[in-house]
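This report refers to the structure that appears directly beneath it.
Number of protein chains: 2
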Amino acid sequence: MADVSKGTVSKALNNKPGIGDETRQRILNIVEEMGYRPDSSAKALSNRKTSNIGLIIPHEAGQSLDNAYWPVLVSSITEEAAENGYNLMLFTPRREGALDEMYDSLISSNKTDGLIIGSELLDRKQIDLLEESDIPFILLGKHPEADHHFVDIDNAFAARSMTEYLLNRGYRKIALLTGPGSYYYNRMRLDAYKEAMENRNLPVLHVEADEYDSPSVTRALDRIYSSGPRPDAIFAGAGGDFLYTILEKLRELPEAEQPEGICVFDDDRSLDFIGPGLTAVRQPVQELGRAAAKGILYLIENPELKQIRRIFKTTIIERGSCPVLPNKDNQI
Amino acid sequence: MADVSKGTVSKALNNKPGIGDETRQRILNIVEEMGYRPDSSAKALSNRKTSNIGLIIPHEAGQSLDNAYWPVLVSSITEEAAENGYNLMLFTPRREGALDEMYDSLISSNKTDGLIIGSELLDRKQIDLLEESDIPFILLGKHPEADHHFVDIDNAFAARSMTEYLLNRGYRKIALLTGPGSYYYNRMRLDAYKEAMENRNLPVLHVEADEYDSPSVTRALDRIYSSGPRPDAIFAGAGGDFLYTILEKLRELPEAEQPEGICVFDDDRSLDFIGPGLTAVRQPVQELGRAAAKGILYLIENPELKQIRRIFKTTIIERGSCPVLPNKDNQI
DNA sequence: TTGTACGCGTTATCAC
DNA sequence: GTGATAACGCGTACAA
């Protein structure tokens with residue numbers, strides 16, 4: 002304290018009224034000179050507000066976060082948060098300990114003011130726990146058993162539009178290869194695909210990988226080829242390692258067994274250079290991240306009941322991997 | 002307080018001595034029942050320790066963080082931190098405001114106990130500022146003007162070994178395309194490449210993109226082709242968008258101008274599927290992240306002077322994009 | 001072994 | 001407009 006009391010300093014720093022312009026200026030000058038910054042822990046303790054938001058990305062032990070989806074999401078959330086004076090704390094719990102870690106180190110210890118949570122691996126009990134607590138949170142991806150705030154893409158639309166895209170190009174035996182049905186979005190995508198196929202009385206060729214790891218995906222692909230007709234198109238339900246495993250196995254197949262078309266969920270610039278270019282469903286990940294961040298920031302300041310639900314449309318990025326099939330008489 | 006005083010509770014929670022086994026158990030039971038957790042802000046204020054570490058990734062405005070490098074780094078750091086009871090705060094300042102944001106919201110406000118900092122865009126002044134403060138930090142990538150704790154890969158080794166790999170396969174006109182020289186690692190890689198080429202009296206074909214964005218990379222590539230001999234191999238100094246821009250431009254070239262070989266810094270599984278597979282320098286990013294996290298955790302508990310410097314070797318992931326040149330008489 | 005009192009650095013509430 | 005004073009919730013000496 003160069004001249005005044007701490008109460009006054011506090012007012013000066015926070016632009017609070019009840020202080021003379023001249024006094025404020027003098028205080029701010031001194032603060033500037035001595036490079037003083039308020040201690041954030043003390044501030045948090047006093048304000049009951051940390052100015053942190055948490056991003057929780059639960060993931061399987063083997064699954065890596067290095068596909069095109071998470072990095073973009075993380076950076077867009079970080080930026081949106083930063084623009085509003087919030088910092089981002091990142092949590093990547095393994096599936097097994099997800100609950101414990103979340104509950105212990107987050108919910109009741111007030112490390113963050115709000116949470117953005119990847120909902121894929123959450124079960125009902127965990128959501129209950131969260132809702133009982135007073136910490137606001139928003140889900141990344143709608144949860145089947147919870148009616149909570151969320152942002153998501155329109156999974157049904159995405160799968161349907163890609164399926165119909167393939168149908169319009171003459172494909173009839175379209176195989177959908179998804180991750181585990183325990184991930185809700187996989188179920189939604191499957192349903193939409195199924196409906197599109199059944200509407201045209203076409204065979205539903207779906208296999209589900211038990212896990213996202215390489216052996217499971219390989220087994221799933223084997224199942225397609227060991228039962229049922231040879232598919233003329235393969236729709237890969239996820240990018241990253243999931244896709245790469247499929248591509249790897251596919252090129253071990255004899256020429257005659259190769260599907261004529263292939264497409265994938267999750268766009269990425271590298272797909273431009275894979276074969277003739279890989280047609281993909283593009284999720285607006287950046288917008289999703291921004292919306293999630295905006296959502297949680299809003300919830301922090303308005304803990305009212307109104308439900309936030311933002312659903313984004315996807316687009317198809319057309320490349321060369323799904324040529325129009327030559328026998329056009331097949332077409333509808 | 003169900004029975005005792007708070008002092009006693011504190012001891013029970015922190016496994017401090019000076020308390021009876023029976024009392025401790027009783028307290029812990031009650032704590033468990035009522036789901037009590039210590040408030041982390043209060044704890045931090047009292048302990049002068051937040052149990053947070055910060056990861057600062059400065060980046061250009063246009064540059065995305067979605068290459069193979071950052072995601073892996075972030076998740077490995079997060080995990081290592083979590084295993085030691087620390088949480089990760091992520092900062093991705095744009096170049097322009099880097100200093101301000103760092104200084105204001107981090108260094109003197111005690112939001113984190115330590116910092117891991119991507120050194121690429123740091124200037125001397127910022128490092129001075131950091132060193133004056135009492136917050137421990139470790140650099141991700143050695144800084145040319147600072148002799149501070151760091152973890153890094155052996156950039157010289159990496160560039161040299163890849164250059165020699167190409168030479169051994171018969172390439173003679175090897176063009177190195179790097180990002181801006183203001184990034185120290187680009188200079189180190191260039192020097193090693195240059196040395197390898199000059200040792201054999203071969204022409205140094207190096208161009209530098211002013212920025213990492215697409216127009217700059219395109220201009221750089223043009224410069225290679227407009228001056229000097231047509232390269233027989235192109236060594237791309239970075240993956241992600243940098244690489245993709247190069248690939249994009251390259252395939253617009255007539256067949257006769259195509260380089261026979263191409264390779265790249267930064268490995269990624271998608272490279273398996275680009276053309277015949279793209280040979281790449283693999284950085285042990287996971288290990289790097291772990292080491293950085295371990296390093297900063299060590300520094301937090303031992304603010305001694307001993308300098309931490311960990312340098313990791315890279316490996317070459319050989320794929321099909323650099324075939325041995327047919328005119329073997331070229332070889333050494 | 002247990003309880004008490006104080007300090008951490010800030011904001012908020014009041015008298016002045 | 002300004003300055004004491006009491007919280008905020010926790011550790012931790014030190015006294016009981």
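Those sequence lines, one after another, are chains G and V. The numbering of the first sequence is our numbering, which starts it at 2 and goes up by one. The numbering of the second sequence is our numbering, which starts it at 2 and goes up by one. Built from N, CA and C at the ideal position, the CB exists for glycine as well. Every value quoted in this text rests on a predicted model; they were computed, and no experiment measured them.
query, result
"Figure out for me which residue from G:G21, G:T79, G:R25 has the closest Cα to the Cα of E1 of chain G.", "Residue 1 of chain G lies beyond the range of chain G shown here (2 to 333); nothing can be said about it."
"Considering only C-alpha positions, which residue in the set V:I118, V:S217, V:A13 is nearest to V32 of chain V?", "V:A13"
"Among residues of its own chain, excluding the 5 on either side of Y299 of chain G, which ones have a beta-carbon nearer than 8 Å to its beta-carbon?", "I309"
"Against chain G, with Cβ distances strictly below 8 Å, would P72 of chain V count as a contact?", "yes"
"Assign S47 of chain V to buried or exposed, taking buried as 16 or more other Cβ atoms, counted over all protein chains shown, within 10 Å of its Cβ.", "exposed"
"What residue range is occupied by the uninterrupted beta strand (DSSP E) comprising E146 of chain V?", "Taken as a continuous stretch (DSSP letters only), E146 of chain V belongs to no beta strand (DSSP E), as it is neither H nor E."
"Let me see if you follow: with CB-CB separation under 8 Å, is N88 of chain G close to chain V or not?", "yes"
"Given K295 of chain G, which residues of its chain have a CB within under 7 Å of its CB, disregarding the five upstream and five downstream residues?", "E81"
"Return helix, strand or coil for R335 of chain G, following the three-state DSSP convention.", "Residue 335 of chain G lies beyond the residue range present for chain G, which begins at 2 and ends at 333; the question has no answer from this structure."
"Could you tell me whether the Cβ atoms of I136 of chain G and F92 of chain G are closer together than 8 Å?", "no"
"According to DSSP, what are the bridge partners of G115 of chain V?", "V:I54"
"Going by DSSP, which residues form a beta bridge with M90 of chain G?", "G:G55, V:M90"
"Apart from the five residues on each side of it in sequence, which residues of its chain come closer than 7 Å, Cβ to Cβ, to I318 of chain G?", "D268, T280, A281, R283"
"Taking E209 of chain G as the reference, which of G:S183, G:M198, G:A293, G:I154 has the closest Cα?", "G:S183"
"Please report the residue range of the alpha helix (DSSP H) in which I31 of chain V lies.", "22-34"
"For P216 of chain G, which residues in chain V fall below 7 Å Cβ to Cβ?", "Within chain V, no residue comes near P216 of chain G; the closest Cβ sits about 16 Å away, beyond 7 Å."
"Contact criterion: CB-CB distance below 8 Å. Does K307 of chain G meet it with respect to chain V?", "no"
"So R270 of chain V contacts chain G; which residues on that side make the cut at Cβ distance below 7 Å?", "D242, Y245"
"By alpha-carbon positions, which one of V:T246, V:L122, V:G241 ends up nearest to L272 of chain V?", "V:G241"
"Quick test of your reading: G171 of chain V and V325 of chain V, contact by CB under 8 Å. State the CB separation rounded to the nearest angstrom.", "6 Å"
"Does the separation of the CB atoms of I117 of chain G and A147 of chain G fall below 8 Å?", "no"
"Start and end of the beta strand (DSSP E) containing V10 of chain G?", "Not the beta strand (DSSP E): V10 of chain G falls in the alpha helix (DSSP H), residues 7-14."
"Does DSSP put L168 of chain G in a helix, in a strand, or in coil?", "helix"
"Examine chain V for any beta-carbon lying closer than 8 Å to the beta-carbon of T79 of chain G, and answer yes or no.", "yes"
"What span of residues does the beta strand (DSSP E) with E209 of chain G cover, start to end?", "206-209"
"For chain G, is any of its Cβ atoms less than 8 Å away from the one on P59 of chain V?", "no"
"Flag this pair as yes or no: are the beta carbons of P204 of chain V and A234 of chain V separated by less than 8 Å?", "no"
"Compare the C-beta of Q332 of chain G with all C-beta atoms of chain V and state if any pair is closer than 8 Å.", "The pLDDT assigned to Q332 of chain G is 47, lower than 50, so where the model puts this residue is not dependable, and the model offers no usable value."
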